[in-house]
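Some notes on the structure that comes next.
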Amino acid sequence: MKAVGAAVVLLLEQGGAVLAAGGGGGGGGGTSLKKGGNMGRSAQRSPGRHRHRCRSDPMGAYKYVSELWRKKQSDVMRFLQRVRCWEYRQHPSIVRVTHPTRPDKARRLGYKAKQGYVVYRVRVRRGGRKRPVPKGIVYGKPTNQGVTQLKFQRSKRSVAEERAGRKLGGLRVLNSYWINEDSTYKYFEVILVDVAHNAIRNDPRINWLCNPVHKHRELRGLTSAGKKYRGLRGRGHLHHKARPSRRANWKRNNTLSLRRYR
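All letters in the sequence shown, in the order written, are residues -20 to -1, 1 to 242 by mature numbering (1 follows the signal peptide of the UniProt record, and there is no 0).
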């Protein structure tokens, strides 16, 4: 037992001597050990830094759907759109759908999967607008004689909102978005809200639409599509003549108003 104890004491003394030599003041051995320790710590930290730098945020389901719709020329989307377009042609021009075809787009535009929200698909014929005159006779100056090759000032999306709003007078048009098109028609889905439903009237995020001033907002250019064709999307000095409207701006600039002394 004494021999074992003496051996343990000898080993401890040798280990202390080695540690003292390695961590000592100015010796070359101490410097090399210190550098080695720093390199080890940096090597341990570097994988963590690179791992944090390469980490990307996880994508949700709606993000995947959105990326699919961004690649409309892919084989999958071209096939799906062709089959859907054939189905749409078999239905009336205005038909209700059970759920949005593009749920990510519908939610970005205000749709919620709750009571009071409905979605209708609207079909609008493509092409220009022909002047509605009998037998092509336009009574006026030659500069206004055109009948064909005229372009409608409003977008097809705005026309789709108008038709849905006229057919469903008890609902309010919230927004709309494009879903498909072929050589003859363009198809849009219009989001409408039932302002008489308690689920809508009690929701502070949507009950602003219950105010009577929002009746038939699609007919007065107050929806997103309406503001776009009115030129109200831009801001700054290049868009001053578009507000509050082109006609109101022209009238203000061409009206002489003088103060009277009384």
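Glycine is no exception: its CB is placed at the ideal position from the N, C-alpha and C atoms.
In angstroms with no decimal places, state the Cα-to-Cα distance between residue i and residue j.
{"i": "Gln70", "j": "Arg101", "result": "13 angstroms"}
{"i": "Gly40", "j": "Ser46", "result": "10 angstroms"}
{"i": "Lys208", "j": "Gly214", "result": "9 angstroms"}
{"i": "Tyr42", "j": "Ser54", "result": "18 angstroms"}
{"i": "Pro80", "j": "Ser156", "result": "11 angstroms"}
{"i": "Lys92", "j": "Lys85", "result": "11 angstroms"}
{"i": "Leu202", "j": "Lys136", "result": "15 angstroms"}
{"i": "Lys110", "j": "Arg134", "result": "14 angstroms"}
{"i": "His217", "j": "Pro114", "result": "43 angstroms"}
{"i": "Arg50", "j": "His194", "result": "33 angstroms"}
{"i": "Arg58", "j": "Lys52", "result": "6 angstroms"}
{"i": "Gln129", "j": "Arg223", "result": "29 angstroms"}
{"i": "Arg227", "j": "His219", "result": "14 angstroms"}
{"i": "Glu142", "j": "Val75", "result": "14 angstroms"}
{"i": "Asn234", "j": "Val104", "result": "38 angstroms"}
{"i": "Asn124", "j": "Ile117", "result": "11 angstroms"}
{"i": "Asp183", "j": "Asp174", "result": "12 angstroms"}
{"i": "Lys131", "j": "Leu154", "result": "26 angstroms"}
{"i": "Arg62", "j": "Gly108", "result": "24 angstroms"}
{"i": "Gly145", "j": "Leu199", "result": "8 angstroms"}
{"i": "Cys65", "j": "Ser163", "result": "11 angstroms"}
{"i": "Tyr119", "j": "Lys231", "result": "27 angstroms"}
Under the DSSP definition of a beta bridge, which residues are partnered with residue i?
{"i": "Val77", "result": "Val99"}
Looking at C-alpha atoms only, which residue of the options is the closest neighbour of residue i?
{"i": "Lys221", "options": "Asn229, Arg64, Arg215", "result": "Asn229"}
{"i": "Ala176", "options": "Trp188, Phe168, Arg109", "result": "Trp188"}
{"i": "Tyr165", "options": "Val118, Val173, Tyr68, Leu154", "result": "Tyr68"}
{"i": "residue 307", "options": "Arg210, Phe59, Cys190, Arg232", "result": "Outside the displayed span of the chain (-20 to 242) sits residue 307, for which this structure offers no information."}
{"i": "Pro72", "options": "Tyr167, Tyr44, Cys190, Leu172", "result": "Tyr167"}
{"i": "Gly150", "options": "Glu141, Gln129, Leu172, Lys131", "result": "Leu172"}
{"i": "Val98", "options": "Arg87, Arg106, Gly107", "result": "Arg87"}
{"i": "Arg179", "options": "Glu169, Val170, Cys190", "result": "The question names Arg, yet the displayed sequence has Ala at residue 179. Of the listed residues, the one whose Cα sits closest to Ala179 is Cys190."}
{"i": "Leu89", "options": "Asp183, Ser163, Glu169", "result": "Glu169"}
{"i": "Asn160", "options": "Asp174, Leu60, Ile117", "result": "Leu60"}
{"i": "Gln95", "options": "Ser204, Ile186, Gly126, Ala140", "result": "Ile186"}
{"i": "His196", "options": "Lys231, Arg152, Tyr44", "result": "Arg152"}
In terms of residue numbering, what span does the alpha helix (DSSP H) encompassing residue i cover?
{"i": "Lys46", "result": "Before going further, note that residue 46 is Ser rather than Lys in the sequence given. From DSSP, the alpha helix (DSSP H) with Ser46 extends over 41 to 50."}
{"i": "Val193", "result": "Here Val193 belongs to no alpha helix (DSSP H), and DSSP marks it neither H nor E."}
{"i": "Asn233", "result": "226 to 233"}
{"i": "Lys85", "result": "83 to 88"}
{"i": "Ala205", "result": "204 to 209"}
{"i": "Gln61", "result": "55 to 69"}
Less than 7 angstroms separating the Cβ of residue i from some heavy atom of the ligand FMN?
{"i": "Lys131", "result": "This structure simply doesn't include the ligand FMN, nor any ligand for that matter."}
Does residue i have its Cβ less than 8 angstroms from a Cβ in chain B?
{"i": "Arg50", "result": "Absent here is chain B; the protein component of the structure consists of one chain."}
Query - Continuous alpha helix (DSSP H) assignments of at least 4 residues falling wholly in the stretch 97 to 184 - result: With a minimum length of 4 residues, the continuous alpha helix (DSSP H) runs that stay inside the stretch 97 to 184 are 136 to 147, 178 to 181.
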